[in-house]
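Those protein sequence lines, which keep their order, are chains A and B.
Residue numbers for the first sequence follow this note's numbering, so the first one is 12 and each next one is one higher.
Residue numbers for the second sequence follow this note's numbering, so the first one is 46 and each next one is one higher.
Taking it in order: structure first as structure tokens, then the write-up.
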Amino acid sequence: QVQLVQSGAAVKKPGASVKVSCKASGDIFNNYYIHWVRQAPGQGLEWMGVMNPRRGGTTYAEKFQDRVTMTRDTSTRTVYVEVSSLTSEDTADYYCARGGQWLDTATFDSWGQGTLVIVSS
Amino acid sequence: DIQMTQSPSTLSTSVGDRVTITCRASQSISNWLAWYQQEPGKAPKLLIYKASSLQSGVPSRFSGSGSGTEFTLTITSLQPDDFATYYCQQYSTYPYTFGQGTKLQIQ
């Protein structure tokens, strides 16, 4: 069974950076993409971007283009999202999710448990 | 970016009721539309993909329909576990975008 296990909650000061990890089980690196979605308290879901773990390619939402970096470590099957220049508006739950490489399977059928990031002085 | 608009934002309803949630896309997305259910404090769960295909393990009281720009999620005979927030998502093109959510409340 595919599982995505994320790192624990983090508290950061404004202006700092945060790096959230997502460790995948199964053969996800060869056959799936990893997406990142965030959700501010009491708000809806916001897609941040996607990584192809096998090739390392990424696509970011324009809103996050300048502040978000997605990377991976193939040896540990872990994907990372780093958000820089944090403000209070970045306080949110951050989720990784698995999506297929083709449109027929592109929906997010498996999610991590979420990582709460709090930005506070 | 493709904008997704859900209605209503909240719905007060009762166990046993039939519920319909609407999702509109700002441009045609063919049938590349998914529905997710999110309970408080949990990750979203995929219910429907390709507008009308039921994800494995999801009860048959959930169904989806539509294509192009208009889509609906229908839940027949609401159960206590169904009181949650529902999101539509288009995955036709990047950036993937979600509707703002519809919260089902107990009347």
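Beta carbons are placed, not taken as given, at the ideal position from N, Cα and C, and that holds for glycine.
Check	Outcome
Quick one, are the C-beta atoms of Tyr131(B) and Gln48(B) less than 9 Å apart?	no
What did DSSP end up calling Asp104(A) once you bin it into helix, strand or coil?	strand
Check Lys74(A) in the structure and name its three-state DSSP category.	helix
Helix, strand or coil for Phe40(A) per DSSP?	helix
CB Tyr151(A) to CB Val48(A), shorter than 9 Å?	Examination of residue 151(A) is not possible in this model, given that chain A is present from 12 through 132 alone.
Strictly below 9 Å CB to CB, what residues from chain A border Phe143(B)?	Val48, Gly55, Leu56, Glu57, Trp58
Run through DSSP, which three-state label would Thr98(A) get?	coil
Take the Cβ of Ser121(A) as the centre, count every other Cβ of all protein chains shown within 10 Å, and call the residue buried at 16 or more, exposed below.	buried
Nearest to Tyr81(B) by CA position, among Leu123(B), Ser122(B), Gln150(B), Leu118(B), is which residue?	Leu118(B)
Have a look at Ala20(A), Ile39(A), Ser36(A), Asp38(A) and flag the residue whose alpha-carbon is nearest the alpha-carbon of Lys133(A).	Because chain A is modelled from 12 through 132, residue 133(A) falls outside the range shown and cannot be assessed.
Any Cβ of chain A within less than 9 Å of the Cβ of Gly111(B)?	no
Would you identify the three-state DSSP class for Thr56(B), choosing helix, strand or coil?	Going by the sequence as given, residue 56(B) is Leu instead of Thr. Strand.
Just verifying my parser: in three-state terms, what is the DSSP assignment at Asp62(B)?	coil
Could you tell me which chain B residues have their CB closer than 8 Å to the CB of Gly67(A), listed as they occur along the chain?	Neighbours of Gly67(A) on chain B: none; closest Cβ ~17 Å, over 8 Å.
Please check the pair Thr118(A) and Tyr94(B), which I expect to be a contact at CB under 8 Å, by giving their CB distance rounded to whole angstroms.	4 Å
Can you determine whether any heavy atom of the ligand SAH sits closer than 8 Å to the C-beta of Gln51(B), and answer yes or no?	Looking at this structure, you won't find the ligand SAH or any other ligand, since it has none at all.
Say whether chain A places a C-beta atom closer than 9 Å to the C-beta of Leu149(B).	no
Measure the beta-carbon distance from Val36(B) to Gln124(B) and round it to whole angstroms, keeping in mind my assumption that it falls under 8 Å.	Given that chain B is displayed from residue 46 to residue 152, the structure contains no residue 36(B) and the question cannot be resolved.
Could one say the Cβ of Asp77(A) lies closer than 9 Å to chain B's Cβ atoms, at least one of them?	no
Output the distance between the C-alpha atoms of Ser28(A) and Val94(A), rounded to the nearest integer angstrom.	6 Å
For a cutoff of 9 Å on Cβ pairs, would you count Ala129(B) as touching chain A?	no
Among the candidates Thr87(A), Ser99(A), Glu100(A), whose CA atom is the shortest distance from the CA of Ser32(A)?	Thr87(A)
By Cβ distance below 7 Å, which residues in the same chain neighbour Ser57(B) in space, the five residues on each side in sequence not counted?	Gln150, Gln152
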